[in-house]
């Protein structure tokens with residue numbers, strides 16, 4: 133069920149980004165945040181960067197995509213923050229399962245926040261396994277909202293810029309390959325990005341296991 137939803141959403145967002153780059157980047161980041169990485173930004177954001185490069189948007193396009201995606205993710209993070217603040221842990225665990233939140237990954241986010249405090253929001257935005265979840269313990273702890281939104285926006289912008297730039301410059305390399313048609317090039321590009329995504333997930337999981345052990 134989860135896989136079918138993932139494939140459907142990924143296909144939908146890919147088509148949306150291809151038809152409307154900025155709106156697609158915004159909605160992809162928003163959906164990723166609300167659905168807790170069901171549609172991984174590590175796949176979708178590089179695609180947006182690639183399409184910006186392919187269609188000659190240049191560096192203004194790279195920055196525009198990054199800002200739109202950052203805004204979408206920030207709106208999603210604020211929504212999760214306020215739900216967590218108002219309704220608490222029991223509510224999140226009871227209804228979060230419908231948004232792919234469980235006891236295990238919530239506990240990991242709570243340990244991260246407990247260990248690093250409010251800085252966890254900033255650094256957590258650059259950790260693939262925790263990026264969306266870190267808003268929940270921030271809400272539980274009633275973190276100062278201005279600090280929350282500042283750390284969220286800056287951390288998300290940095291990570292999104294990295295992902296979009298990866299697609300932007302990797303896409304330039306793919307364009308040099310002797311492939312037939314845009315969909316052939318996009319297919320090769322997506323395979324490269326998915327490979328990189330799984331490498332990032334493995335590294336992130338190892339980092340998480342190493343750093344979330346609190347005595």
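Numbering (the numbering used here), first residue to last: 133 to 347.
Just so it is clear, CB atoms sit at the ideal spot from N, CA and C, and this is done for glycine as well.
Model, not experiment: these values are computed from the prediction.
Please report the Cβ distance between residue i and residue j, rounded to the nearest whole angstrom; I am assuming they are in contact, meaning their Cβ atoms lie under 8 Å.
i           : j           : result
residue 143 : residue 260 : At roughly 21 Å, the Cβ-Cβ gap does not stay under 8 Å, so residue 143 and residue 260 are not in contact.
residue 267 : residue 212 : 4 Å
residue 149 : residue 183 : 6 Å
Label residue i either buried or exposed according to how many other C-beta atoms from any shown protein chain fall within 10 Å of its C-beta, with 16 as the threshold for buried.
i           : result
residue 225 : exposed
residue 272 : buried
residue 283 : buried
residue 208 : buried
residue 239 : exposed
residue 227 : exposed
residue 236 : exposed
residue 189 : buried
Give the secondary structure of residue i by DSSP, where H, G and I count as helix, E and B as strand, and everything else as coil.
i           : result
residue 269 : helix
residue 277 : helix
residue 248 : helix
residue 189 : coil
residue 167 : coil
residue 232 : coil
residue 257 : coil
residue 221 : helix
residue 159 : helix
residue 347 : The pLDDT assigned to residue 347 is 42, lower than 50, so where the model puts this residue is not dependable, and the model offers no usable value.
Going by the beta-carbon positions, is the gap between residue i and residue j smaller than 8 Å?
i           : j           : result
residue 166 : residue 231 : yes
residue 370 : residue 154 : Because the chain here runs from 133 to 347, residue 370 falls outside it and cannot be looked at.
residue 146 : residue 179 : yes
residue 287 : residue 258 : yes
residue 278 : residue 217 : no
residue 285 : residue 160 : no
residue 254 : residue 269 : no
Let me check you understand the geometry: is the CB of residue i closer than 7 Å to at least one non-hydrogen atom of the ligand SAM?
i           : result
residue 287 : The model depicted lacks the ligand SAM and carries no ligand whatsoever.
Compare the C-beta of residue i with all C-beta atoms of chain E and state if any pair is closer than 8 Å.
i           : result
residue 269 : Among the chains in the structure shown there is no chain E, since it carries only a single protein chain.
*Touch check for the stretch 199-206 and the stretch 285-294: three-plus C-beta pairs under 8 Å?*
In short, these stretches touch, since the Cβ pair count reaches three.
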